[in-house]
Amino acid sequence: MRLVVDLNRCQGYAQCAFLAPDVFAMHGDESLLYNPNADPEQREDVLRAVAACPVQAILLEITDEDMAKMAAPQAVAGAGSASGGAR
Amino acid sequence: MRDGSLEHLKREGRIVVVGASLAGLRAAETMREKGFAGSLTMIGDEPYEPYDRPPLSKQVLLGNAVADHTALPRRRAIDADWRLGVPATGLDMAARRVRLGNGDEVEYDRLLIATGVRARPWPNAEEGALQGVFVLRTRDDGEGLQRALAAGPRRVLVIGAGFTGSEIASACRERGLDVTVAERGEAPLVGALGGVIGEVAAGMHRENGVDLRTGVMVTSLESDPSGRVRAAHLSDGSTVEAEVVVVSLGAQRNTEWLAGSGLGAGPRGIACDAGCRAFDVRGIVTDDIYVAGDVARSPHALFGYQFLSLEHWGNAVAQADTAAHNMLSESTDRRPHLWVPAFWSSQFGVNIKSVGVPPMGTEIMITQGSLAERRFAAVYGYQGRMIAAVTFDNCRWLPFYEQQIESTAPFPPPFSTVDRRSDGIKPLPADFPDPSVPTHGPTITLSGYSPADRKMTFTPGR
Ligand SMILES: Cc1cc2nc3c(=O)[nH]c(=O)nc-3n(C[C@H](O)[C@H](O)[C@H](O)COP(=O)(O)OP(=O)(O)OC[C@H]3O[C@@H](n4cnc5c(N)ncnc54)[C@H](O)[C@@H]3O)c2cc1C
Ligand code: SF4
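Here you go:
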């Protein structure tokens, strides 16, 4: 998954770091560091972070390649998590 | 001129974008969002699809991300003909044609130029080519430098303490590497933020164990017999032994390919009007060639219509959006690029953010927090008005200051804040270096003059 954070807009509220700690981390009090190429397995967490960011600073793209990688586990768990509110 | 030509352009026109990076990509997305259904060609000399550069001096050097994994997420599909790994080498404005390095020619109805900047190389080409000498602008640079740092060099020398140089030094310290920073100015970041803030930055370097040398120049690099850099000689007579040298001396605009084309392009960038339309060499604005991002130089109503060149991520995004909008609009529907300059930097664990144009400021006042704690907000004043603000670990206040700057609030500010300390009682000289003496890496350059304010209301002189 590709992601970029508009750090002009980011206010360092750390919601993302709380919801997806493997992808976002605070560096010092206010600086946000993130992995611009997060593992598709982090999808649910990252989607939650995207939704929770109070200034909508996170842009996420789930590529076809990511979808292919996720296809196998999703065949089992996908239906349930989709109805659980994934967008 | 509503003669249907715009509809025709939108339906089956040809748009060419030269420079396939942040500005080029975001512009292309906006064009498609606006219903452009014609052919779109993206020309980029790097062999990679658009990627993000800011992580290269931060996450990538810290080892938290990989240089070849910073591809930019897409807002939408752009259905473009990508011509990557091939540079544009010429422009024929009369025939509306872009010439490519492989001999191909691409015709356009509208052209967007977003060729950005490149790292200023070490002035001595032979020394610059030594093994262990780096610049940092591209993905390949980032990967090479990160590999060199991972090998555990005994010492790294960073030449130039602008934002990028300071971030590199910070990453080195976090990796436990010894690092020397040589800066020609009196302090890090002076060109961008002035001497008062520069002194705070110098404190951050030293407290974090950087061997900071200011007011000096590196005069030459020395190699061992195998062609690896081993030492640098400084203007004060000293020598620094280093296995890795990072040249961080600012940027040069990628405009050479336009030489002789008749477009108003040169070492300071491509001049354009507030609607992103490029000027030709006669100073007449073109109607089919647009510019966006680091390569552009455009007048800003909020700052006296001075021509600003901004090497800022947010500017590339905002200007690309405006350029794309205007390329596909009737003249009365066009928008000016009125984005208030803003950037961020992360170094030594401190979040530095700014809005406005600090180098225009003649005075500075600490409005919140304290310099000593490195948690503060400061505003810059110019002719009695607030022109810029900077925060260190205090970014939540920045939107407030931005709004003040936009509404041309007075300086010194009349409000008193709850958390102001003794630093901030009165304005100090902002202490920017003499503009005729170059420093390393100011991120804003100014030229031109004409008074007005953002709301475009006429304010008679007092
Ligand atoms: C290490 C680093 C850290 C940064 N950190 C920050 C930060 O913390 N905050 C911030 O606000 N900004 C930061 N920036 C600046 C930000 O990345 C730039 O403002 C942004 O990349 C500008 O985008 P652009 O598309 O205008 O230009 P560029 O990204 O420079 O892209 C221009 C593209 O055009 C290509 N090109 C050039 N000439 C030709 C030609 N003749 N034909 C075809 N293609 C051509 C180039 O190779 C390049 O791919 C940083 C930059 C770097 C390098
Ligand atoms: S949630 Fe949004 S504002 Fe908060 S740190 Fe993350 S990106 Fe920044």
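Chains Y and C supply the protein sequences, listed in that same order.
FYI, the numbering for the first sequence is 1 to 87, going by full-length UniProt numbering.
FYI, the numbering for the second sequence is 1 to 462, going by full-length UniProt numbering.
Every residue gets a Cβ at the ideal spot worked out from N, C-alpha and C, and that includes glycine.
Exposed or buried, residue i, counting other C-beta atoms within 10 Å across all chains shown (16 or more means buried)?
i: ARG137/C; result: buried
i: GLY215/C; result: exposed
i: ALA388/C; result: buried
i: SER309/C; result: buried
i: GLY63/C; result: exposed
i: PRO410/C; result: exposed
i: GLN56/Y; result: exposed
i: THR457/C; result: Interpretation of THR457/C is limited by its pLDDT of 39, a score under 50 that renders its predicted location unreliable; the figure taken from the coordinates is listed afterwards. Under this definition THR457/C is an exposed residue.
i: GLU241/C; result: exposed
i: GLY300/C; result: In the sequence as displayed, the identity of residue 300/C is His instead of Gly. HIS300/C is buried by the Cβ-count criterion.
i: GLU105/C; result: exposed
i: GLU167/C; result: buried
i: MET1/C; result: Residue placement at MET1/C is poorly supported in this model, since its pLDDT is 49, which falls under 50; the coordinates still yield a value, given next. Counting Cβ neighbours within 10 Å, MET1/C comes out exposed, since fewer than 16 surround it.
i: THR255/C; result: buried
i: PRO36/Y; result: buried
i: GLY194/C; result: buried
i: ASN102/C; result: exposed
i: THR70/C; result: buried
i: GLU243/C; result: buried
i: VAL281/C; result: exposed
i: ARG2/Y; result: buried
Give the range of the alpha helix (DSSP H) segment to which residue i is assigned.
i: ASN351/C; result: ASN351/C -> not in any alpha helix (DSSP H); beta strand (DSSP E) instead, spanning 350 to 356.
i: HIS325/C; result: 313 to 327
i: PRO399/C; result: 398 to 406
i: GLN146/C; result: 139 to 150
i: ARG76/C; result: Counting along the chain, ARG76/C falls outside any alpha helix (DSSP H), and DSSP gives it neither H nor E.
i: VAL135/C; result: VAL135/C -> no alpha helix (DSSP H), and no H or E assigned at all.
i: GLU44/Y; result: 43 to 52
i: LEU62/C; result: 59 to 62
i: ARG335/C; result: Note, ARG335/C: premise wrong, no alpha helix (DSSP H); not H, not E.
i: THR30/C; result: 22 to 33
i: SER170/C; result: 163 to 174
i: GLU186/C; result: Unbroken run through GLU186/C: none, as it is neither H nor E.
With which residues is residue i paired in a DSSP beta bridge?
i: VAL272/C; result: Going by the sequence as given, residue 272/C is Cys instead of Val. Paired residue(s): ALA278/C.
i: TRP82/C; result: MET42/C
i: HIS27/Y; result: SER31/Y
i: PRO429/C; result: GLU363/C
i: ASN37/Y; result: ARG2/Y
i: SER220/C; result: HIS233/C
i: GLY90/C; result: ARG99/C
i: ILE387/C; result: Its beta-bridge partners do not exist; DSSP assigns none.
i: THR180/C; result: LEU157/C and ASP211/C
i: GLY266/C; result: GLY269/C
i: GLN15/Y; result: According to DSSP, GLN15/Y bridges with nothing at all.
i: ARG110/C; result: ILE15/C
i: ILE284/C; result: Its beta-bridge partners do not exist; DSSP assigns none.
i: GLN368/C; result: ALA377/C
i: residue 464/C; result: Within the shown structure, residues of chain C are numbered from 1 to 462, placing residue 464/C beyond reach of any answer.
i: TYR305/C; result: Answer is none; TYR305/C lacks a bridge partner.
Looking at the secondary structure, which residues open and close the beta strand (DSSP E) in which residue i lies?
i: LEU157/C; result: 156 to 159
i: MET204/C; result: Looking at the DSSP string, MET204/C is not in any beta strand (DSSP E); the run it does join, the alpha helix (DSSP H), is 190 to 207.
i: HIS233/C; result: 229 to 234
i: ALA251/C; result: 251 to 253
i: HIS8/C; result: Unbroken run through HIS8/C is the alpha helix (DSSP H), 5 to 12; no beta strand (DSSP E).
i: GLN347/C; result: 342 to 347
i: VAL106/C; result: 105 to 107
i: residue 489/C; result: Nothing about residue 489/C can be reported from this structure: the residues present for chain C run from 1 to 462 only.
i: ALA125/C; result: Taken as a continuous stretch (DSSP letters only), ALA125/C belongs to no beta strand (DSSP E), being part of the alpha helix (DSSP H) at 125 to 128.
Since residue i and residue j are thought to touch, with beta carbons under 8 Å apart, how far apart are those beta carbons, to the nearest angstrom?
i: ASP288/C; j: ARG154/C; result: Not confirmed; about 55 Å, so no contact.
i: ALA251/C; j: GLU311/C; result: 6 Å
i: THR362/C; j: GLY384/C; result: So it is not a contact: roughly 10 Å between Cβ atoms.
i: THR30/C; j: ALA324/C; result: 4 Å
i: LEU234/C; j: ALA182/C; result: 6 Å
i: PRO121/C; j: VAL135/C; result: 6 Å
i: ASP45/Y; j: LEU7/Y; result: Actually they are not in contact, since the Cβ atoms of ASP45/Y and LEU7/Y sit about 20 Å apart, beyond 8 Å.
Does ligand 3 have even one heavy atom less than 6 Å from the beta-carbon of residue i?
i: ASN102/C; result: With respect to small molecules bound, the structure shown includes ligand 1 and ligand 2 and not ligand 3.
Are at least three pairs of beta-carbons, each pair with one atom in the stretch 45 to 52 of chain C and one in the stretch 329 to 336 of chain C, less than 8 Å apart? no
Determine, using beta-carbon pairs with one atom in the stretch 1 to 13 of chain Y and one in the stretch 379 to 396 of chain C, whether at least three such pairs fall under 8 Å. yes
Tell me whether the stretch 265 to 278 of chain C and the stretch 289 to 297 of chain C touch, counting them as touching only if at least three CB pairs, one residue from each stretch, are closer than 8 Å. yes
Quick test of the definition: if touching needs 3 or more C-beta pairs under 8 Å, does the stretch 107 to 121 of chain C touch the stretch 76 to 86 of chain C? no
Between the stretch 320 to 331 of chain C and the stretch 174 to 188 of chain C, do at least 3 Cβ pairs fall closer than 8 Å? no
Per the contact definition of three or more C-beta pairs closer than 8 Å, is the stretch 53 to 70 of chain C in contact with the stretch 6 to 19 of chain C? no
For the pair the stretch 206 to 223 of chain C and the stretch 83 to 96 of chain C, tell me if three or more CB-CB distances fall below 8 Å. no
Three-pair Cβ contact test at 8 Å for the stretch 337 to 351 of chain C versus the stretch 20 to 35 of chain Y: yes
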